[in-house]
Ligand code: DC
C-alpha cells in the first residue's frame, strides 16, 4: 500500500493529473479542495459570513459530508444532496479559501481525509497534504506554474465551457487566492521539505502525468 501527496496552488493542474494517475495505477483519488468547497457552499447557501469564525464553529456539526470514492472520481454529498458539480464555481472556490483559514474547519476535514486514506493506496491533492494530512506519504509532489500560465489555463477552461470571462479579473483572483492560501496561520500552502517540485508552466498534462508516474515508479521500486 502506498500514498501520493500532490500539493500546489490553484490552477497548477493538481486535480487533472491526480485523476489520470489514479486511473492508471488503479488507486483512489481524494480531492480535499472539494471538502473545503462544500463547507464554503454551505455558508454561501445559508448566508453565513465567511469570516465569522464563532458562527462557523457552531454550525460545523450541522454539516454532514459524505464522500464516495472510485478510481479517478470522487462524489461528494452535503446533507444528503450531491454537490460534486455545484461546488465547481469561482465563488465556491473563493469561499473555500476563506473558510480554510478556520482551525475547526481544518480539524474536521483533515480527520475525514485521514480516515478515507486508511487501508487503501491513494493519491490525494490539496494544499497541506505532504506537510500535514499525510506527512509519511510515499511520494510527495509540489506542482507549481506561473500566475500567467495558470490564468491562461483557467481562461481556456472557461472558453471551452462556453462561459464569458475577464482575463485580468481571473489573474487577480488567482493572486488573491495564492496570498490567502500561503499566508494563513494553520497549515498554509507550502512545499514539504521532502517533496519534488515540478514547475508545469511549459509542460502539457501528458508530460506532467508521465513525469509523476516516473517518480512514483522509481520510489516504489526502491521500497
Ligand atoms: O483545490 P481547490 O481549488 O478546490 O481548493 C479550494 C480552496 O480550499 C483552496 O483555495 C484552499 C482550500 N484548501 C485547503 O486549505 N487545504 C486543502 N488541503 C485543500 C484546499
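Numbering (my numbering), first residue to last: 1 to 223.
Backbone N, C-alpha and C fix where the C-beta goes; we use that ideal spot for every residue, glycine too.
Range covered by the beta strand (DSSP E) that runs through residue i
i: residue 113; result: It is not in any beta strand (DSSP E) - residue 113 instead sits in the alpha helix (DSSP H) that spans 103 to 117.
i: residue 4; result: 3 to 7
i: residue 193; result: Looking at the DSSP string, residue 193 is not in any beta strand (DSSP E), and its letter there is neither H nor E.
i: residue 141; result: 139 to 144
i: residue 181; result: Careful: residue 181 lies outside any beta strand (DSSP E), inside the alpha helix (DSSP H) at 167 to 183.
i: residue 126; result: 122 to 126
Sub-7 Å separation of residue i and residue j beta-carbons
i: residue 4; j: residue 123; result: yes
i: residue 209; j: residue 20; result: yes
i: residue 11; j: residue 153; result: yes
i: residue 192; j: residue 131; result: yes
i: residue 42; j: residue 76; result: no
i: residue 225; j: residue 32; result: Since the first and last residues shown for the chain are 1 and 223, residue 225 lies out of range.
i: residue 142; j: residue 197; result: yes
i: residue 13; j: residue 200; result: yes
i: residue 95; j: residue 161; result: no
i: residue 104; j: residue 50; result: no
i: residue 145; j: residue 155; result: no
i: residue 133; j: residue 118; result: no
Residue i, enclosing alpha helix (DSSP H) - first and last residue
i: residue 40; result: 33 to 45
i: residue 205; result: 205 to 221
i: residue 83; result: Element bounds for residue 83: n/a, residue is neither H nor E.
i: residue 71; result: Note, residue 71: premise wrong, no alpha helix (DSSP H); not H, not E.
i: residue 59; result: 53 to 59
i: residue 156; result: 147 to 160
i: residue 21; result: 14 to 25
i: residue 97; result: 90 to 99
Residues near residue i in its chain [Cβ-Cβ closer than 6 Å; skip 5 each side]
i: residue 102; result: 53 and 56
i: residue 180; result: 97
i: residue 67; result: 76
i: residue 182; result: 188 and 189
Cβ neighbours of residue i in the same chain (closer than 8 Å, five flanking residues each side left out)
i: residue 147; result: 171, 174, 175 and 178
i: residue 184; result: 100 and 101
i: residue 195; result: 5, 7, 130, 140, 141 and 142
Close Cβ partners of residue i (< 7 Å) along its chain, the five nearest in sequence each way excluded
i: residue 106; result: 100, 186 and 187
i: residue 22; result: 28, 29, 71, 72 and 123
i: residue 2; result: 121, 138 and 220
i: residue 216; result: 4 and 139
- Task: State whether the stretch 72 to 90 contacts the stretch 27 to 45, with contact taken as three or more CB pairs (one from each stretch) at a distance under 8 Å.
- Result: Flag = yes, the stretch 72 to 90 and the stretch 27 to 45 touch.
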